[in-house]
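Please read the structure below before turning to the comments.
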Amino acid sequence: MQDTRFILFSPSEATNTGAGFWSSEDGWSQFDSASEFDEVVRHRIPFPKSARRDAGWVLVGSILHMALARDFSKLDAASKFDQLADRYADKVIAGRSHLFDALEIQGVREDHQPGNPWGSCIEVNNEDPQVYSVYAHQIHNGEFGGVECIGDFAQHAAAVTFAAELRAAYGWPVHDYVPENSRTPRKECWLAGGGFGCPAPFTHAALAARI
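In our numbering, the protein residues as written are 1 to 211.
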């Protein structure tokens, strides 16, 4: 069984300088300096006294963790996270741009299965998003249809910027389905010592399935 590890993340701490990740040596630091804690330790140690109310645990390797890496890591995210690299737009669109006609921005959640933190379901949820995904919308012509994910972002603004760059390159319109009041991920689980990406016993309401 794979070892589950977590980092401590505070969105409000990261807002200005990106130093929203807890380091046991340096305090609030950049993503690449974040300390990782195993399942046992994270339940035993208290949050740092300086932690704000939105601080919470993020499962290493989860969709939120990879989105944070894309937004805040100064390292090569493509080599560090193969799952994220596989979603780069040039790998999805290159040589196939004629199959797409628009871009979509959707809020997404990763729902971890109780008792199995490595089992999860990634689904669209624009009311209570955890990260923001950009999709290339396929042309409906009887043969093709649906969307393909081309990027996950921890910040809505980063998803908007990414979509705008693709719009400039391909001329596609951008449809942003995330309502104004959901463009900052909701605080969650911190009251019980959990946090973003926390596994069971925290549960989420039924979500609309990702296309």
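For each residue, glycine too, the CB sits at the ideal point set by N, CA and C. Please read all numbers here as calculations on a predicted model, not as lab measurements.
Assumed close pair residue i, residue j - CB separation to whole angstroms, cut-off 8 angstroms
i	j	result
Ile122	Val134	Ile122 to Val134, Cβ: 14 angstroms. No contact.
Val178	Leu103	Incorrect: roughly 13 angstroms between the Cβ atoms, too far for contact.
Ile150	Asp101	At roughly 14 angstroms, the Cβ-Cβ gap does not stay under 8 angstroms, so Ile150 and Asp101 are not in contact.
Leu99	Trp57	Rounded, the Cβ-Cβ distance is 39 angstroms, inconsistent with contact.
Residues of its chain near residue i, where Cβ-Cβ distance is below 8 angstroms and the 5 sequence neighbours each way are ignored
i	result
Ser222	The structure shown does not extend to residue 222, since the chain spans only 1 to 211, so no value can be given for it.
Thr184	Pro11 and His156
Which of helix, strand or coil DSSP assigns to residue i
i	result
His43	helix
Ile122	strand
Asp38	strand
Ser213	Here the chain has residues from 1 to 211 only, and residue 213 is not among them.
Glu127	coil
Asp54	coil
Arg183	coil
Residues near residue i by beta carbon distance below 6 angstroms, same chain, minus five either side
i	result
Gly18	Gln30 and Phe72
Trp172	Ala102 and Leu103
Pro11	Asp54
Asp176	Ile105
Residues bridged to residue i (per DSSP)
i	result
Glu104	Tyr135 and His175
Ala59	In the sequence on display, residue 59 carries Leu and not Ala. Answer is Phe6, bridged to Leu59.
Glu25	Answer is none; Glu25 lacks a bridge partner.
Val214	This structure does not reach residue 214, given that the chain is present from 1 up to 211, and the question cannot be answered.
Check: residue i C-beta below 7 angstroms from any heavy atom of the ligand MG
i	result
His137	With respect to the ligand MG, the structure offers nothing, as it holds no ligand at all.
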